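Chains as they are written, first to last, in my numbering: chain A, 4 to 111; chain B, 4 to 111. C-beta: ideal position from N, C-alpha, C; glycine also. Quick caveat, the model's predicted, so the values are computed rather than measured. Each remark here refers to the structure printed beneath this line.
2 protein chains.
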Amino acid sequence: MNKWIYELHARICNIFSNPKRLEVIDLLRNGEKSVNELSSLMNIPQTNLSQHLSLMRQRGMLETRRDGVNIYYSIANPKAIKAFDIMREVLLEQLSRNEKLIKKLKSA
Amino acid sequence: MNKWIYELHARICNIFSNPKRLEVIDLLRNGEKSVNELSSLMNIPQTNLSQHLSLMRQRGMLETRRDGVNIYYSIANPKAIKAFDIMREVLLEQLSRNEKLIKKLKSA
DNA sequence: TTAATATATTATTATGTTCGCATATATTAA
DNA sequence: TTAATATATGCGAACATAATAATATATTAA
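And the structure:
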């Protein structure tokens with residue numbers, strides 16, 4: 004059986020299942036940022052951010068580059084951003100469908 | 004702050020973070036299937052499958068249609084399949100990169 | 001109505017995830 | 001070397017998720 008592919012697939016998609024990790028991806032979409040930059044933009048404890056970054060790196064979603072004391076993270080495969088954006092569209096379409104439904108119900 | 008969007012985004016992507024749910028999506032990519040059909044194709048207990056289907060439906064990923072005693076599930080928004088496929092590509096590119104690396108290491 | 005089939009729900013247990021805290025490591029400057 | 005800054009890691013508690021088993025509901029046929 005070839006089910007292992009679903010396991011790996013789920014493992015990498017699991018990165019998208021956490022709001023902080025999604026925010027990281029969104030912040031890195033236009034290029035690399037250091038841990039410091041990310042952590043001040045996101046307003047979360049550095050130690051927690053590092054945990055997320057480390058997981059995303061282990062699973063091949065992010066790459067790192069060291070420059071002196073700073074470590075810069077970037078998105079390894081831009082296709083991941085594409086998937087991110089498509090799922091965002093799916094979400095927004097859901098929301099607007101709900102909105103329309105609510106309006107209909109109100110006017111009835 | 005607009006962070007709620009990441010919460011919702013994560014919530015819907017969370018569907019992709021489980022191998023069985025990915026298999027359901029893959030099985031439904033060419034059209035609806037009943038719970039029975041899915042459960043025999045997947046070889047998992049019907050009760051477990053129903054739980055996954057119910058979650059996917061709650062989150063707007065799947066729609067249902069009843070025909071007599073059968074309930075047919077289908078994918079609500081085909082864009083979700085697109086996102087599924089892109090992440091599959093990301094994964095396969097990762098795997099082939101690793102393969103190449105292994106070959107390199109072996110020959111060195 | 002009863003039986004048979006398809007599907008859903010609930011409770012329980014096992015497992016995984018997330019976070020905060022404390023601590024560790026690496027680099028640079030003094 | 002020591003101090004300062006940036007980043008990573010290990011541990012434990014709180015919480016979420018997944019699987020199983022048992023049971024419930026809905027539809028159809030007899």
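Three-state class that DSSP yields for residue i in the structure shown
{"i": "residue 51(A)", "result": "helix"}
{"i": "residue 44(A)", "result": "helix"}
{"i": "residue 31(A)", "result": "coil"}
Short CB-CB distance (under 8 Å) between residue i and chain B
{"i": "residue 78(A)", "result": "no"}
{"i": "residue 12(A)", "result": "yes"}
{"i": "residue 121(A)", "result": "Outside the displayed span of chain A (4 to 111) sits residue 121(A), for which this structure offers no information."}
Inter-residue spacing [alpha-carbon to alpha-carbon] between residue i and residue j
{"i": "residue 20(B)", "j": "residue 106(A)", "result": "33 Å"}
{"i": "residue 32(A)", "j": "residue 76(A)", "result": "11 Å"}
{"i": "residue 14(A)", "j": "residue 69(B)", "result": "33 Å"}
{"i": "residue 110(A)", "j": "residue 17(A)", "result": "40 Å"}
{"i": "residue 72(B)", "j": "residue 38(B)", "result": "11 Å"}
{"i": "residue 12(B)", "j": "residue 101(A)", "result": "16 Å"}
Residue i vs residue j beta-carbon contact at 8 Å
{"i": "residue 92(B)", "j": "residue 6(A)", "result": "no"}
{"i": "residue 44(B)", "j": "residue 52(B)", "result": "no"}
{"i": "residue 78(A)", "j": "residue 65(A)", "result": "yes"}
{"i": "residue 85(B)", "j": "residue 55(B)", "result": "no"}
Status (buried if at least 16 other CB within 10 Å, exposed otherwise) for residue i
{"i": "residue 63(A)", "result": "buried"}
{"i": "residue 27(A)", "result": "buried"}
{"i": "residue 98(B)", "result": "exposed"}
8 Å Cβ cutoff, residue i in contact with chain A
{"i": "residue 61(B)", "result": "no"}
{"i": "residue 72(B)", "result": "no"}
{"i": "residue 91(B)", "result": "yes"}
{"i": "residue 111(B)", "result": "no"}
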